[in-house]
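Each residue of the sequence shown is one higher than the one before, starting from 555 at the first, in my numbering. C-beta: ideal position from N, C-alpha, C; glycine also. Quick caveat, the model's predicted, so the values are computed rather than measured. Following: one structure in structure tokens, then a few remarks.
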Amino acid sequence: MPTSPTASELPNSRTEADGSAVVRVLSYNIRSMRDDTAALARVISACAPDLVLVQEAPRFFRWRKKLARLAATSGQVILTGGGTAAGPAVLCNLRATVERTEDVLLPLTPGLHRRGFATAVVRFGGARLGVLSAHLSLRQDERYAQAGLLLDRLAGLGTAHAVAGGDLNEPPEGPGFRRIAEHLQDGWAARAWGGEQTFGATAPVRRIDALFATPGVEVLGCGVPLGLPGVTGNDLRAATDHLPVLAALRIPAEPAG
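The following block contains the structure:
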């Protein structure tokens with residue numbers, strides 16, 4: 555698995571003198587925690603995220619307990635989602651001040667897996683941020699429709715700045731991915747850092763996981779955290795079948811009102 559010589563240079567979280575905030579956001583498909591959960595927790599911890607946008611969180615028997623254990627062992631707390639959002643979830647550290655959360659179930663296509671969004675509005679210092687975690691359909695027409703619903707839901711959070719992340723189940727040239735990228739910044743395209751391909755974990759060949767930000771958010775770096783101190787190739791391969799996407803974003807402060 556190749557590493558990036560600049561992976562250690564991603565900015566750390568901080569609050570600026572003007573009230574803006576540098577926030578680390580991680581998006582990660584954890585495959586229902588069916589793999590090495592200790593490796594998974596080590597990867598998340600080493601990324602030092604303020605927000606973790608999870609896909610395929612546990613959804614069935616004792617799912618809250620399993621997700622809570624992962625959060626605790628990786629330095630996070632559960633913000634929202636999991637079984638109540640059909641898989642997507644959001645974890646956060648104690649730096650985040652939570653305004654509100656909402657789990658959204660999407661229209662069900664008979665014979666296909668139920669999908670949903672985990673959403674929240676949080677503050678870091680003087681910066682206010684909408685957050686959405688998603689896992690789009692395996693079927694192209696449904697993915698495209700869900701991409702539109704993602705944009706609508708993100709706009710409906712009512713924040714000037716927002717971030718969305720998830721497993722899109724298609725690469726950047728796919729119609730659903732393109733639909734989102736026409737309106738939001740694709741973090742990797744805006745400022746590539748680390749690695750690009752996210753699936754599969756042992757020999758990644760496709761970028762189907764991504765982080766997006768609204769215009770006005772400054773992307774300081776975004777990509778797979780290959781070579782980041784504490785993130786090992788063995789842990790990445792053992793944790794789940796996807797590689798995570800980590801971004802550092804500068805969120806402007808809200809104007810004094």
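Closest Cα partner of residue i within the set the options
i      : options                        : result
Cys776 : Gly784, Glu750, Asp604, Pro783 : Glu750
Asp740 : Phe614, Arg761, Phe753         : Arg761
Trp742 : Pro726, Arg733, Gly754, Ala755 : Pro726
Gly573 : Ser567, Gly781, Gly679         : Gly679
Phe614 : Arg588, Arg707, Ile598         : Arg588
Pro664 : Ala681, Ser691, Ala639, Thr638 : Ser691
Pro758 : Leu797, Leu708, Arg677         : Leu797
Asp695 : Leu683, Leu666, Ala718, Asp706 : Leu666
Leu722 : Thr756, Gly637, Asp763         : Asp763
Glu653 : Asn647, Ala639, Gly637, Leu683 : Leu683
Leu708 : Ala681, Asp657, Arg668         : Asp657
Contact check, residue i vs residue j, beta carbons under 9 Å
i      : j      : result
Pro565 : Ala807 : no
Leu660 : Val644 : no
His715 : Glu610 : no
Glu570 : Val577 : no
Thr786 : Tyr582 : no
Val685 : Thr752 : no
Gly635 : Gly641 : yes
Pro729 : Cys601 : no
Arg804 : Leu774 : yes
Ser687 : Val597 : no
Thr651 : Val676 : yes
Ala767 : Phe731 : no
Ile734 : Ala718 : yes
Leu594 : Asp789 : yes
Leu648 : Val606 : no
Rounded separation between residue i and residue j - CA only
i      : j      : result
Ala592 : Tyr698 : 35 Å
Thr673 : Pro783 : 30 Å
Gly670 : Gly710 : 15 Å
Leu704 : His737 : 11 Å
Lys620 : Gly712 : 32 Å
Pro556 : Pro809 : Unreliable placement is indicated for Pro556, whose pLDDT of 42 sits below 50; the coordinate value is still reported in the next sentence. Going from the Cα of Pro556 to the Cα of Pro809 covers about 43 Å.
Ser586 : Arg618 : 12 Å
Trp747 : Ile584 : 22 Å
Assigned secondary structure, residue i (DSSP; H/G/I helix, E/B strand, else coil)
i      : result
Gly637 : helix
Val501 : Limits of the chain in this structure are 555 at one end and 811 at the other, which puts residue 501 out of reach.
Asp589 : coil
Leu580 : strand
Gln815 : The structure shown does not extend to residue 815, since the chain spans only 555 to 811, so no value can be given for it.
Pro559 : Since pLDDT at Pro559 reaches only 42, below the 50 mark, its modelled position is unreliable, and no value is offered.
Thr627 : helix
Ala688 : strand
Ala792 : helix
Arg618 : helix
Gly670 : strand
Leu803 : strand
Arg682 : strand
Ala649 : Here residue 649 is Arg; the residue named in the question, Ala, does not match the sequence. Coil.
Cβ of residue i within 9 Å of any chain C Cβ
i      : result
Arg733 : Looking at the structure shown, chain C is missing, and only one protein chain is on hand.
Starting from the N-terminal side, write out each stretch of the beta strand (DSSP E) that is 3 residues or longer and does not extend beyond the stretch 761-789.
Entirely contained in the stretch 761-789, the beta strand (DSSP E) runs reaching 3 residues are, in chain order, 763-767, 772-777.
Scan the stretch 706-766 and note each continuous beta strand (DSSP E) run of 3 residues or more that stays entirely inside, going in chain order.
DSSP runs (the beta strand (DSSP E)) wholly in the stretch 706-766: 716-721.
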